[in-house]
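Some notes on the structure that comes next.
As structure tokens, then:
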């Protein structure tokens, strides 16, 4: 059973690329963890459900963390995957501008965690 953490720009311009990637890798015995934002998170969750995978949603806690809620959620999700999942892989769908996805990319690269960075074609 593989765990996938997805992080992506809300305005990622290539929905079909995101959906095809998830369909290609996720299986029914896998778990997909996402932050629940529109765009990439939503598309990945929909495709993973279609594959029969377990889908976990970790929304940002804006009331608790204010403007830093998205970054805190990213940190918490990454910690959850690293501590609870083996094996795991992080998919980052980045438009080159999203600060949240850039933050997640920085964290996975700093820790040398297994990941795939996907840019729009």
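Residue numbers (our numbering): 67 to 187. Cβ coordinates follow ideal geometry from the N, Cα and C atoms, glycine included.
Starting from the C-beta of residue i, find all residues in its chain whose C-beta is less than 6 Å away, skip the five residues before and the five after it, and write them out in chain order.
| i | result |
| --- | --- |
| residue 69 | 97, 147, 151 and 154 |
| residue 163 | none |
| residue 174 | 156 and 181 |
In three-state terms, what does DSSP make of residue i?
| i | result |
| --- | --- |
| residue 83 | helix |
| residue 95 | coil |
| residue 160 | coil |
Excluding five sequence neighbours on each side, which residues of the same chain lie with their C-beta closer than 7 Å to the C-beta of residue i?
| i | result |
| --- | --- |
| residue 95 | 67 |
Hey, could you find the ends of the alpha helix (DSSP H) residue i is sitting in?
| i | result |
| --- | --- |
| residue 172 | 165-176 |
How would you call residue i, buried or exposed, if buried means at least 16 neighbouring beta carbons within 10 angstroms?
| i | result |
| --- | --- |
| residue 73 | buried |
| residue 188 | Because the chain in this structure spans residues 67 to 187, residue 188 falls outside the shown range and cannot be described. |
| residue 8 | An answer regarding residue 8 cannot be provided, because it is not within the stretch 67 to 187 covered by the chain. |
| residue 100 | buried |
(message) Runs of 3 residues minimum, wholly inside the stretch 112-145: which ones carry the beta strand (DSSP E) assignment?
(response) Entirely contained in the stretch 112-145, the beta strand (DSSP E) runs reaching 3 residues are, in chain order, 120-123.
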